[in-house]
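This report refers to the structure that appears directly beneath it.
Okay, here's the thing in structure tokens:
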């Protein structure tokens with residue numbers, strides 16, 4: 007009987023390749039159906055060539071990732087010992103703070119766009 011590692015190595019190589027090929031072929035079929043007009047109008051927005059860029063969304067994930075990474079940095083720099091539970095707690099608190107900061111930034115951006123219109 008083969009060991010688990012001998013089975014997982016080929017699966018970890020071929021399964022992602024098969025999934026990528028499936029995703030690409032599904033997208034090409036959908037795109038062809040949309041070009042021929044055989045799909046409902048509600049689905050066409052998924053395959054528009056020009057997608058809008060939302061920098062405020064990038065700010066959200068940047069703030070959250072900083073909030074998750076900051077506790078690890080604090081643990082490395084701190085002169086006292088911080089438990090694993092403390093690091094996880096700080097990760098959740100800082101990620102929450104990141105979301106709150108994002109909320110206020112997005113609200114400010116939304117209000118400034120409404121004022122411009």
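Numbering (our numbering), first residue to last: 7 to 123. Idealized CB from N, CA, C, for every residue including glycine.
Asked, Found
"Determine the DSSP secondary structure at residue 112, reduced to helix, strand or coil.", "helix"
"Let me make sure I understand the geometry here. Which of 97, 90, 62, 80 has the alpha-carbon closest to that of residue 73?", "97"
"With DSSP as the reference, label residue 84 as helix, strand or coil.", "coil"
"Could you tell me whether the Cβ atoms of residue 109 and residue 69 are closer together than 8 Å?", "no"
"Under 8 Å between the Cβ atoms of residue 65 and residue 111?", "yes"
"Is residue 97 helix, strand or coil when you go by DSSP?", "helix"
"Smallest Cα separation from residue 104: which of 71, 94, 120?", "71"
"When you compare only the Cα positions, how much space is there between residue 14 and residue 29?", "22 Å"
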